[in-house]
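Protein chains in written order, with my numbering: chain A, 1 to 604; chain B, 605 to 902.
To keep things clear, I will list the structure first and then write my remarks on it.
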Amino acid sequence: MSLKKWINFKYLYQNFKKSKSLFIFLICIVPFINFWIIGINLLSKNYIIDFYELGKVSIIIAFLLPIIVAFLLFGFVFKKSAIDFIMSKPISRKQIFISNILGGITYLLLIVLINFLGFIILSLITNLFIPFGAIIDYLIYFSITYIFIFIISVLAIALSGNIVGFIIIILLLLFLYPTISYIEYKINSDFSNIYYVCEDASCMPDKNYCNNDAECLKMLNENNYKYEVSLKYEKINTTPINYFNSGFSTKSIIKTVILSIIYVVIAYYIFKNRKMENSEISFKNKYLYKIIKILSYIPITYLAYMFYSADKSFIIIAIVICIVYYYLYDIIVNKHINKVFKTGIEMIIVSIIFLGSYFIYENICKNNDKLLSIPNEVTINYTDNVGVNYDILLSDKSLINELIIPTKLDDYNSTITIIFDDLYYLTRNINANILEKIDNYAKNNNLKDKFTAKNILHITSSLDSELTFSNDTNFKNEITSYIDNYNSNNIKYDIYITLYKYENHILKELMLNVSGDKYLLNYVKNIYNEEFLKRVENAYVTDEEISEDFSNVFIQNKDDFISFLQKHQHDELTNDIIILYSDLDRYYINRDIFLMEYDKYVTN
Amino acid sequence: MIEIKNLRKSFDEATCVLDKLSSTIPDNVIYGLVGANGVGKSTLLRCISSIYKADAGEILIDGKSSYDNEEIKKEIVFIPDDLFFYPGYSLYDTAKFYQSMYERFDLEFVINAAKNLKLDLNKSINTFSKGMRRQCAIICALATNVKYMFFDETFDGIDPVVRLYFKKLIAKQMTKQDTTIIMTSHNLRELEDVCDNLGLINDKKIIFESDIDTLKTDMLKVQISLKGEMNKNTFKDLDVLYYKKVGRVATLIVKDAKKSKKYLESLKPIILDYLSLTLEEIFIYQMEVMGYVFKEMD
């Protein structure tokens, strides 16, 4: 099979060449903006950059760049003369489509790759710590996101006849489903009564939960358990902008890839059979015009409904929003209002259907209890009994049952976060008994060991809640003030060492309280951290202070800390460095040198 | 050879432009497609060029369906009435584009033609006048050396001198290659001296087509005056397309020139003048015969 049957490189070259200035401009400006905002801006701070930080500019660009690229490559279909020029040339529709799709994707990947390499260089030449895993996630996520939006744009071009139609369809494809999901989520999140099906005896909740409520007890006896949970979470976060906010989600990435493939196949068939004579008109097909108009009306009616729900007196605003949009759409898309009275009747009917649906759905569904199955697998975030925070994947159904079932309020002493599908979070109070079970589960499944597999060290100074520090405060004065306060009120002062690792697409941290180790602190002061300790001079921890009662000391002495470092010295560390960190500055130290120098210091 | 069979093309339910249109255009001819504005000349060319997809019927070029057929399209070049060039492209850039698309493209031809027509090869075409833009398009099309060339409103905006130059170039192209050219125009006079065949498109189909030589030699315009009385019946033995009598002089347009001449001379007329017929007149009278009568303006 000849590649030339699918791709016409000469045409592709010419198609890029015709807009070469813009393409070159974009390939220069996009990474520049990215690095300017992320890199230069963050250099002034002391950030450890995770996936979210890496992508926060790119996610905005994702909603512009692929659309522009799609328009530059396929935009000829909006101009009759350009259609004549291109379509009469010896190139088939298949070749035009595939050449442009591959060309567009290659171009976008090139931009992502430039950003990717830029981040690697940035992490090497600056003080920013950018985990390589996060950079890889950036590469994967934005490659797929850019391609996804590019394909959506191509599909929109294939469906529409001019730029107005193109923009409307893009907005619908990108935002209609999330809007509907959000509506659904909003309505469902108000549910107060959700039943879980309890599948074994272990999920029997404590009867105290019912607080002597006869109805609740009856439910328990019938194995129908009543909890305050909404489980419509799986439909949320289906677009890049949404799931980006929740971090890197493999499930969402897979969904996006599948959706991209579906969209590109649909776009291909539409483009191949596209009636080229229908250019320069938004929607030649009156049915398509109506469908698009009505679909685009959903978010508008929802907005109107939200106004009305917030305050009944906003009904006038809600009505005005609906009317203005319904007629404005015709003016923008169709250049005129076709039959004012008929449009008005149509608007009333559609509005009644949509608004009525929201009202019925909320009011009727809200009063109905939902019967849902307990998920087979959840991620939980918890802090163990020595104060270390973990994310673990939990697949023990009976334990999941226990976690979802709330304990009575006066019984809990810890909090966990249950993460469904990497997306939806539920905070649940748990007691020591459940915490121990989780801990055992993690230990038995070697989940805790994984945490320290890759790390960097990050020494930070943390003070009790009575003091806050920011970059623009005088750190030294604050510390002095704090120490005065400390001496007078006997308030505890802790210093933590924080270990970071990037695992499962999340930047995780492990905080170790080392306040009890005067040698470590003195070492830090005298050898590596002069600038930092100038600022915390008055916070120097004396022997007397060490003798204070440190209830939350995790590493009790230097030996614990040294042994911890030694244990992990052969790990493949992302950065073999220790960062000494204050709220203002950071200092990098090689881990091996740290260990050697520390030994020398202690010996002396 | 281009064979069009029962072609149908509509833009929406209410606008059917071409319906049951059939025609056969032989190789190595210049086929003039004439018709009023909006009758579907451009649409037909776009269907043949595979820009539009026909609703029904088929278009065969050299026996193969032309729609979206890359191999067939390699032998087709189409210059529409509304010209398009890539923004910022010069004639040279455009020629290079055509060169990348057409295997037999002759870049030297473009350079020489541009020199003859005093077109700046390196200046953006979009800064050119309408006529110059069309010159660029025609030069590029002729340089492709393809078998089928379609020109919509070919000489629109081109001054008479350049028009003559292009007519010569087109004739040369015809001798150089076995090229088949279809030209559309609403102006018959423009096509008269360049086309071999003419097709008249009206009422969604080609209602009449013929080669020009036959048309011209087969029809006769005569002014005649007889000694005695005469009326239309006097010429009932002839195939009269048109008859008008002013005073004692009648003007006739008759078919079958040879037979008609013989008959008219046998009437011993006082006056007998043979006038030349323009193609426009031939078409109008032919259409009247076929029942297409244009009302005269008040």
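Ideal placement from N, C-alpha and C gives every residue a C-beta, glycine not left out.
Owing to the predicted nature of the structure, the values given are computational and were not obtained by experimental measurement.
Since residue i and residue j are thought to touch, with beta carbons under 8 Å apart, how far apart are those beta carbons, to the nearest angstrom?
i, j, result
"residue 506/A", "residue 391/A", "6 Å"
"residue 162/A", "residue 281/A", "6 Å"
"residue 606/B", "residue 665/B", "5 Å"
"residue 394/A", "residue 441/A", "7 Å"
"residue 636/B", "residue 805/B", "Incorrect: roughly 11 Å between the Cβ atoms, too far for contact."
"residue 678/B", "residue 712/B", "Not really, about 20 Å apart at Cβ, beyond 8 Å."
"residue 680/B", "residue 752/B", "5 Å"
"residue 6/A", "residue 94/A", "7 Å"
Who are the neighbours of residue i on chain B, taking C-beta pairs under 7 Å?
i, result
"residue 24/A", "Here the premise fails: no neighbours, minimum Cβ distance about 13 Å."
"residue 290/A", "Those within 7 Å of residue 290/A in chain B number zero; the least Cβ separation is about 15 Å."
How would you write the range of the alpha helix (DSSP H) that residue i sits in, first residue to last?
i, result
"residue 762/B", "Counting along the chain, residue 762/B falls outside any alpha helix (DSSP H), and DSSP gives it neither H nor E."
"residue 38/A", "Careful: residue 38/A lies outside any alpha helix (DSSP H) and carries neither H nor E."
"residue 674/B", "674 to 677"
"residue 312/A", "That residue, residue 312/A, is in no alpha helix (DSSP H); it is neither H nor E in DSSP."
"residue 439/A", "432 to 444"
"residue 614/B", "Counting along the chain, residue 614/B falls outside any alpha helix (DSSP H), though it belongs to the beta strand (DSSP E) covering 606 to 616."
"residue 658/B", "No alpha helix (DSSP H) holds residue 658/B; DSSP gives it neither H nor E."
"residue 735/B", "734 to 747"
"residue 698/B", "695 to 705"
"residue 554/B", "What is shown of chain B runs 605 to 902, which leaves residue 554/B out entirely."
"residue 10/A", "9 to 17"
"residue 586/B", "With chain B covering only 605 through 902, there is no way to say anything about residue 586/B."
"residue 648/B", "645 to 652"
"residue 58/A", "58 to 61"
"residue 903/B", "The structure shown does not extend to residue 903/B, since chain B spans only 605 to 902, so no value can be given for it."
Can you list the residues of chain B that residue i reaches, using a CB-CB cut of under 9 Å?
i, result
"residue 91/A", "674, 677, 705"
Given that residue i touches chain A, what residues does it touch there, using C-beta distances under 8 Å?
i, result
"residue 616/B", "284"
"residue 805/B", "Chain A residues near residue 805/B: none, gap ~17 Å exceeds 8 Å."
"residue 785/B", "Under the 8 Å cutoff, chain A gives no residues; its nearest Cβ is about 15 Å from residue 785/B."
"residue 680/B", "88, 90"
Under 7 Å Cβ-Cβ, which residues of chain A neighbour residue i?
i, result
"residue 655/B", "83, 84, 87, 88, 276"
"residue 701/B", "14"
For the beta strand (DSSP E) containing residue i, list its first residue and its last residue.
i, result
"residue 903/B", "There is simply no residue 903/B to check, as chain B begins at 605 and stops at 902 in what is shown."
"residue 343/A", "Here residue 343/A belongs to no beta strand (DSSP E); instead the alpha helix (DSSP H) covers 340 to 360."
"residue 627/B", "619 to 629"
"residue 248/A", "Looking at the DSSP string, residue 248/A is not in any beta strand (DSSP E), and its letter there is neither H nor E."
"residue 795/B", "Counting along the chain, residue 795/B falls outside any beta strand (DSSP E), though it belongs to the alpha helix (DSSP H) covering 792 to 796."
"residue 51/A", "No beta strand (DSSP E) contains residue 51/A, which is instead part of the alpha helix (DSSP H) from 51 to 55."
"residue 636/B", "634 to 638"
Since residue i meets chain B, which of its residues come closer than 8 Å, beta carbon to beta carbon?
i, result
"residue 18/A", "690, 691, 692, 693"
"residue 10/A", "704, 705"
Name, going along the chain, the residues of the region 682 to 696 of chain B whose beta-carbon falls closer than 8 Å to a beta-carbon of chain A. 682, 684, 686, 687, 688, 689, 690, 691, 692, 693
Can you give me, in chain order, the residues of the region 61 to 84 of chain A that have a beta carbon less than 9 Å from any beta carbon in chain B? 76, 79, 80, 81, 82, 83, 84
Compile a chain-ordered list of the residues in the region 709 to 738 of chain B whose CB is closer than 7 Å to at least one CB of chain A. none
Could you tell me which whole alpha helix (DSSP H) segments of length 4 or greater appear in the region 69 to 146 of chain A? 80 to 87, 93 to 125
Write down every uninterrupted run of the beta strand (DSSP E) in the region 807 to 878 of chain B whose length is 3 residues or greater and which is fully enclosed by it, in chain order. 809 to 815, 823 to 829, 844 to 850, 853 to 859
Ignoring anything shorter than 4 residues, give me the alpha helix (DSSP H) runs that lie fully in the region 252 to 312 of chain A, in order along the chain. 286 to 310
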